[in-house]
Amino acid sequence: MKVALIGLGTTGRIAAEYLYKKQALSLVLCRENSSEEGKDLGEILHRPYMGITVETTANLEEKLNKFKPDILIDFSSPNFLREHLSTLARCHVNVVTAVTGYTQMDIKRVKVLARKRQIGVVIAPNITFGVNILLVMAQIVAELQSDYDFQVIDENHRNKKDSPSGTAEKIAAAIKRGLERSGEKNDSIPIHSIRAGDIIGRHKVLVCGKHDQIEITHSAFSRTAYAEGAYKAAQFIYGRKGLYEMKDVFGLGKSSHSDERAHGVDAVSLTGVYA
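Just so you know, we're using the UniProt record's numbering here: the sequence shown kicks off at 1 and counts up by one.
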């Protein structure tokens with residue numbers, strides 16, 4: 001399996017080193033006019049020479065045909081996939097995108113193109129195993145304790161652009177789904193976002209009743225957790241077609257498709273929660 005990587009921020013750099021050690025990395029991309037263009041990856045990672053020259057996204061199709069990656073892992077921004085998905089599809093490159101900020105229209109477009117071009121895409125704003133377990137637990141508790149109050153606390157580093165995070169919004173959606181299954185309806189689950197220091201990522205669900213309180217927390221100790229999740233998603237999507245999310249990668253919840261190598265999940269499930 002040959003992997004291309006776009007996005008060399010803090011997490012992207014850790015992913016680059018992780019993929020290099022796995023001997024999976026064949027191409028590293030940066031945006032056009034980036035100061036990283038033409039540098040050896042080792043220079044960017046403050047490592048010895050690694051033999052991988054960072055390329056820009058200019059003439060992307062030509063570069064994909066040259067390096068022939070099977071999968072592209074995206075740690076950049078939603079704009080990359082918006083601008084280059086058609087090119088990736090023409091080159092038959094499957095995609096794992098670990099960024100947030102996609103609209104419902106973006107997701108529908110990805111689904112249509114994945115089916116038309118017969119490629120596979122994992123949309124994974126919540127890419128770690130632990131966060132996906134938290135999603136399942138939050139929904140279960142909401143089903144069982146529907147008369148309790150639910151709130152989500154979303155903590156991340158000071159430079160994180162989105163607030164609340166896509167993960168926090170998905171946790172809130174999981175709680176809503178659980179409440180609906182219990183016969184309750186709650187149109188708004190409060191999310192409290194904290195952006196401070198270098199917090200890697202911490203999400204907490206507060207479940208408060210009259211006489212007791214439950215807390216469900218996931219904390220990332222290292223950004224390597226994101227790199228591991230992205231690599232696992234790449235292994236999963238290799239050879240598959242259609243649109244998927246991390247519940248499919250980790251085998252959590254019932255799949256909405258019978259032949260997962262031919263059909264992906266419905267787009268609506270990507271903005272909802274695990275069924």
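The beta carbon of each residue, even a glycine, is placed where N, CA and C say it ideally should be.
Can you tell me whether DSSP reads residue i as helix, strand or coil?
i: Val152; result: strand
i: His84; result: helix
i: Leu8; result: coil
i: Tyr18; result: helix
i: Thr57; result: coil
i: Val99; result: coil
i: Tyr238; result: coil
i: Ile133; result: helix
i: Tyr226; result: helix
i: Asn65; result: helix
i: Leu144; result: helix
i: Arg158; result: coil
i: Ala220; result: coil
i: Asp248; result: helix
i: Lys232; result: helix
i: Thr271; result: Caution is warranted here: a pLDDT of 39 is assigned to Thr271, below 50, making its placement in the model unreliable, and the coordinate value is therefore given only provisionally. Of the three classes helix, strand and coil, the one that applies to Thr271 here is coil, per DSSP.
i: Asn186; result: coil
i: Asn33; result: coil
i: Gly126; result: The displayed chain sequence assigns Asn, not Gly, to residue 126. If DSSP states are grouped into helix, strand and coil, Asn126 belongs with coil.
Since residue i sits in a beta bridge, which residues does DSSP pair it with?
i: Ile71; result: Val3 and Asn94
i: Glu215; result: Leu206
i: Leu243; result: Val121
Residue i lies in the beta strand (DSSP E); which residues open and close that run?
i: Val121; result: Gly120 to Ile123
i: Arg115; result: Run containing Arg115: none in the beta strand (DSSP E); it sits in the alpha helix (DSSP H), Gln104 to Arg117.
i: Leu25; result: Leu25 to Cys30
Are the beta-carbon atoms belonging to residue i and residue j less than 9 Å from one another?
i: Ala124; j: Val249; result: yes
i: Leu72; j: Ile52; result: no
i: Gln145; j: Arg177; result: no
i: Cys91; j: Val54; result: no
i: Phe244; j: Val136; result: Contrary to the premise, residue 244 reads as Tyr rather than Phe in this sequence. Against a cut-off of 9 Å, the Cβ pair of Val136 and Tyr244 comes out as no contact.
i: Glu37; j: Thr56; result: yes
i: Leu41; j: Tyr18; result: no
Mind checking which residues open and close the alpha helix (DSSP H) that includes residue i?
i: Arg195; result: Premise fails: Arg195 lies in the beta strand (DSSP E), Ile191 to Arg195, not in any alpha helix (DSSP H).
i: Ala174; result: Gly166 to Arg181
i: Met50; result: First-last for Met50: undefined, no H or E at that position.
i: Ile44; result: Leu41 to Ile44
Relative to the ligand GTP, is the shortest distance from any of its heavy atoms to the C-beta of residue i smaller than 8 Å?
i: Glu155; result: For the ligand GTP, the structure offers nothing, since it holds no ligand at all.
Round the Cβ separation of residue i and residue j to the nearest angstrom and send it over; I've been treating them as touching at under 8 Å.
i: Ala4; j: Phe75; result: That belief does not hold up - the Cβ atoms of Ala4 and Phe75 are roughly 12 Å apart, past 8 Å.
i: Ala15; j: Ala230; result: 6 Å
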